[in-house]
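Protein chains in written order, with my numbering: chain A, 6 to 284; chain B, 36 to 359; chain C, 2 to 352.
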Amino acid sequence: MKMPPMLRQLLHRRIVLVAAVVLLIIAVLAIGAPWFASFDPNDTAVLQRLKGPSSEHLMGTDELGRDMYARIVHGARYSLAIAALTALGSVIAGTLLGLVAGFFRRLDAPLMRVVDAMMSFPDILLAIALVAILGPSLVNVVLALVLVYTPRVARVVRASTLVVRELLFVEAVRALGVRTSRILWRHILPNLMSPILVQVSFIFAYAILAEAGLSFLGVGVPPEIPTWGTMVAGGQQYAHQAFWVVLFPGLAIIFTALSLQMLGDGVRDLLDPKLKKAL
Amino acid sequence: MTTPLIEVRNLKTYFGGSTRPVRAVDDVSFAIARGETLGLVGESGSGKSTIGRSVLRLVEPTAGQVLYRGADIGALASEPLRKLRSKLQIIFQDPYASLNPKMRIGAILDEALATHGLHPGKGARARRVAELLELVGLRAEHASRFPHEFSGGQRQRIGVARALAVEPEFIVADEPLSALDVSIQSQVINLLAELRERLSLTMLFISHDLDVVEYLCDRVVVLYLGKVMEVAKTEALFERALHPYTRALLAASPKPDPTQPSVHVALQGDIPSPIAPPSGCVFRTRCPHAIDACAEHVPALEEVEPGRWAACIRKEIVSMRVAA
Amino acid sequence: MEADPSTNPRIEPRLAVQRLSTSFPTEGGLVHAVADVSFSIAPGKTTALVGESGSGKSVTSLTLMRLLAKTANARVSGVARFATREGRSVDLLKIDEQALRALRGNQLSMIFQEPMTSLNPVLTVGEQIAEGVRLHKGLGRSAALADAKRMLDLVEIPAADRRVHEYPHQLSGGMRQRVMIAIAMACDPTLLIADEPTTALDVTIQAQILALMRKLQAETGMSILFITHNLGVVAHHADDVVVMYAGRVVESAPVRPLFAAPAHPYTQGLLACLPGRARLAGRAGQPRPARLFAIRGQVASPLAPPPGCAFEPRCDLAIAACRDAMPELLATGAAREARCIRVAAALPEAA
């Protein structure tokens, strides 16, 4: 199987390769959850509660007798979906914001003041406040996290836009009479892809952690929805007698976030010198 | 007398703060007739590149007027200006940075055509792209390649093709040869001369290389620290320069012939900063003929002889019969 | 045959380079940046190394000073005999690091094209000049600083007392280049390698710097290896010229004979395509050419060199035999050499 050269270079570092494999496994498990788990994640069986890992229940059962393994695998769907939507949403919004602020001098100052204001709040506190205002639901958690991470993307995109805007080939197409919208879309944006891609992978990681944190604190998704965070929250009080109830969701969070971070590092290192060379 | 194609009146372009701005262009006026090639000559800080960009409103002038066919283009709103750009084009100094590294050159040229609705239709544009490439001495199959696959000279040809794609009447050539090897320079000089002839182009040729200016230009404007020192027909200027700065500039350029008299150092000192130009005549700090009165007023550009202008209060120096 | 442009063959050259070659391993293969380069510089004379991109002129100077990056993994061969002040003859390419360091900045100095990046922005100009003095002459701080002031005077920087405490960013481009020269001259070198020292400077400043270098050479008797692509500068500031193309010497001659009658087709082409020559032709009564002479094509990629002569694809005088083998560098006259079979064939006695 022929790999595009950039992918090959990316996976050249062992840690990135490991991270990519871990993420692949998690993603496959998440997508194929019903086929990978023999139990229904919502099936309560009070008689089976807080049973340790066994051949029947690979990761044990939680406080309501539900199979942990099934919940982890199904939870992956929700956690990953929330994080992915957050990453996507904040990157789109942040890029739009950053492009406009970086390209149009008059809009730069007012837009960046808004961004600065939002970034002056610690992520989690801002997220909590937003969820409190909007109300706890899956959609609102995504919305809140998008609002939290958009400023970060906007800043990075604006910085790169300021650089690319001054490049000679941009002045050249301006001199040709190319419309501003086309300049932004066809000339500036493609040259921002590197920092944007790096941001996508990092925000994905942050979002996993943030959602987990919010749910753990009880201000994230409603507890009926099995995300890893709600699992940790729900099993918290039983941790001392049944450590597996918090261990496995915790490990899932750690592995996923860590792998995403490693992947993000790899993408950034790969694209950085290339960016300089391309520019 | 017919209206000049391009006329610049009292152009000023300042950069930076309002208290101590960089006076890149400080009250420059000249006109270019249809079909003429005007040379802008000067060293660092002369403002020649800024003038080129100001004339096209790539950099907005601070004051003064730029007239195209008698109409002030400074008054144009963004959309009419954008449409006008097809008539007023530019070739840049750096052939490496002036092309988008992520676009194939066929796409670069296609974009130029599409922007102004020329040769509508993908097929028609592709045919025109091939024509343009051959016009500048490249081949049609080069359209599918990226800029980094070409040499400096070839990229400069692509830059020329792009400028010509929109069918301009007037081209600003901003030091188009400076980044090229000597043996490639003559290729590009020939290309520009041939295309200028074939397409009846009017040119503003900006350069610090006096030999090239002498070869390509009909008239020359000599700049120093944002101001005009001398204007003359090329042959007259190079045969007998009037202004002390022009004389020093010509004397300082080494001629590629060891039997010619050796270069003598005419000017001491450094070029002053455009942030704090000298009062009165900006050249007086290095001029071998400066007197006290030179510090008092900015000398006006006067017609010292028919067709020859110089900005110097010392008329007796300017009319000295000194060969360049 | 080794080129020795000195008019008196008994005077030992300051620098005698023989069959210098530098190659770099790259992804695409081995790049022969410099191949089989030989030339000498007599004491007190200036030899110009002329060439365009890819000629190898800069790599030649870096190889001589052993300033190539270690990561480049360069393969160097050949001899570079340098006559030291003490009367010994050392091979610059073979002596150990310590011995080389004793020479560099001392008897053998180099100045570069970009004075801004060649000067340390966080040290004063005086400190940078004094550094070499303290290292090589062993002077103390105040003595070295006094020396630095003396050097600034020597390179004609006004108000040297004040300037010696200034930082590079406070000086103009021309002044920074003078500081570079001061650093290079601080220990009285016998050989100065100047790599495109005036290319980044304005024409009026360039004239000042060239005049300064001339004056210093007259006063100290140092030799200069002047690397440039500007033939106008070569015409007036070099005694001997070595023309390089694609890593090899294609012609070498004293300056006047070279300009009067260039032998190699590349040299001929290079001179013919200068608009300055067109102007001079116009002056001399010959009609001005409607088209400038242009050498067609461009330099071949070092990874895909032409078979035979490197210049053949662009040469108007090329014949079929030119593709067979790389021509030898042969003597074509008094202190003249050219690497061309057409030139060799035209000589009175066949080589």
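Every residue, glycine too, gets a C-beta built ideally from N, C-alpha and C.
Please read all numbers here as calculations on a predicted model, not as lab measurements.
Distance CB(residue i)-CB(residue j) smaller than 9 Å
i: B/Gly315; j: B/Glu331; result: yes
i: A/Asp113; j: A/Pro156; result: no
i: C/Met214; j: C/Ile182; result: yes
i: A/Val205; j: A/Glu216; result: no
i: A/Leu148; j: A/Tyr83; result: no
i: C/Thr48; j: C/Leu94; result: no
i: B/Leu230; j: B/Val171; result: yes
i: C/Ser224; j: C/Arg15; result: yes
i: B/Val63; j: B/Val76; result: no
i: B/Pro211; j: B/Val195; result: yes
i: B/Ser16; j: B/Ser242; result: Absent from the model: residue 16 of chain B. The displayed extent of chain B is 36 to 359, so no value can be given.
i: B/Leu144; j: B/Leu123; result: no
i: B/Arg139; j: B/Ala110; result: no
i: C/Pro116; j: C/Arg164; result: no
i: A/Leu219; j: A/Ala132; result: yes
i: C/Pro266; j: C/Ala319; result: yes
i: C/Val204; j: B/Glu249; result: no
Between the CA atoms of residue j and residue i - distance to the nearest angstrom
i: A/Pro53; j: A/Thr66; result: The sequence given here places Gln at residue 53 of chain A; Pro does not occur at that position. If you take the alpha carbons of A/Gln53 and A/Thr66, they lie about 7 Å apart.
i: B/Ala346; j: B/Gly156; result: 53 Å
i: A/Ile129; j: A/Asn47; result: 29 Å
i: A/Pro200; j: B/His154; result: 37 Å
i: C/Ser253; j: C/Phe294; result: 22 Å
i: C/Ser39; j: C/Tyr246; result: 13 Å
i: A/Val119; j: B/Phe50; result: 29 Å
i: C/Glu313; j: B/Trp344; result: 49 Å
i: B/Leu258; j: B/Met264; result: 6 Å
i: B/Pro334; j: C/Ser173; result: 27 Å
i: C/Arg340; j: B/Lys290; result: 26 Å
i: A/Phe260; j: A/Val23; result: 11 Å
i: B/Arg275; j: B/Phe318; result: 19 Å
i: B/Asp327; j: C/Gly298; result: 55 Å
i: C/Gly334; j: C/Asp325; result: 25 Å
i: B/Pro307; j: B/Ala271; result: 28 Å
i: B/Thr237; j: B/Asn225; result: 16 Å
i: A/Asp72; j: A/Asp45; result: 8 Å
i: A/Gly37; j: A/Leu90; result: 19 Å
Bridge partners - residue i, DSSP secondary structure assignment
i: B/Val57; result: B/Phe50
i: C/Tyr267; result: According to DSSP, C/Tyr267 bridges with nothing at all.
i: C/Ala332; result: C/Glu338
i: B/Ser242; result: B/Val76
i: C/Pro26; result: C/Leu31
i: C/Gln19; result: C/Val80
i: C/Ala319; result: According to DSSP, C/Ala319 bridges with nothing at all.
i: C/Ala255; result: The sequence shown places Pro at residue 255 of chain C, rather than the Ala named in the question. In the DSSP output, where bridge partners are listed per residue, C/Pro255 has C/Asp241.
i: B/Glu338; result: B/Trp344
i: B/Ile41; result: B/Ile67, B/Tyr103
Neighbour flag for residue i against chain E, beta carbons, 9 Å
i: B/Thr294; result: Reference to chain E is not applicable here, since the protein chains of this structure are A, B and C.
Chain B contacts from the stretch 291-306 of chain C (Cβ-Cβ distance under 7 Å) = Arg292, Leu293, Phe294, Ala295, Ile296, Gln299
request  = May I ask you to verify whether the stretch 224-235 of chain C touches the stretch 42-58 of chain C, counting CB pairs closer than 8 Å and requiring at least 3?
outcome  = yes
ask   = Using 8 Å as the Cβ pair cut-off and three pairs as the minimum, do the stretch 105-119 of chain B and the stretch 165-177 of chain A touch?
value = no
query = Name the residues in the stretch 197-228 of chain B whose C-beta lies less than 8 Å from a C-beta of chain C; which are they?
reply = Asp216, Val217, Ser218, Ile219, Gln220, Ser221, Gln222, Ile224, Asn225, Ala228
Residues within the stretch 165-196 of chain C neighbouring chain B, beta-carbon criterion of under 8 Å = Ser173, Gly174, Gly175, Met176
message = Under 8 Å: do the stretch 121-135 of chain C and the stretch 153-171 of chain C share three or more Cβ pairs, one atom per stretch?
response = yes
task = Evaluate the contact criterion for the stretch 130-146 of chain B versus the stretch 186-201 of chain B: three or more CB pairs, one atom per stretch, below 8 Å.
result = yes
inquiry  = For the structure I just gave you, are there three or more beta carbon pairs, one from the stretch 97-112 of chain C and one from the stretch 192-200 of chain C, closer than 8 Å?
reply    = yes
query = For the stretch 230-247 of chain A against the stretch 69-81 of chain A, are there 3 or more C-beta pairs whose distance is under 8 Å?
reply = yes
Contact between the stretch 252-267 of chain C and the stretch 235-242 of chain C (3+ Cβ pairs under 8 Å) = yes
query = Would you call the stretch 20-30 of chain C and the stretch 148-166 of chain C in contact, with 3 or more CB pairs under 8 Å?
reply = no
request  = Determine which residues of the stretch 261-285 of chain B have a Cβ less than 8 Å from any Cβ of chain C, and write them out in chain order.
outcome  = Phe273, Ala283, Leu284
query = Got a sec: which bits of the stretch 238-252 of chain B sit with their beta carbon under 7 Å from any beta carbon on chain C, in order along the chain?
reply = His243, Asp246, Val247, Glu249, Tyr250
query = Given a limit of 8 Å on CB to CB distance, which residues of the stretch 263-275 of chain C reach chain B?
reply = Gly270, Leu271, Leu272, Cys274, Leu275
query = When Cβ atoms are compared, which residues of the stretch 171-183 of chain A fall closer than 9 Å to chain B?
reply = Leu172, Leu173, Phe174, Val175, Glu176, Ala177, Val178, Arg179, Ala180, Leu181, Gly182, Val183
ask   = Per the contact definition of three or more C-beta pairs closer than 8 Å, is the stretch 81-88 of chain B in contact with the stretch 53-61 of chain B?
value = yes
ask   = Of all the residues that make up the stretch 325-346 of chain B, which are near chain C by a beta-carbon distance shorter than 9 Å?
value = none
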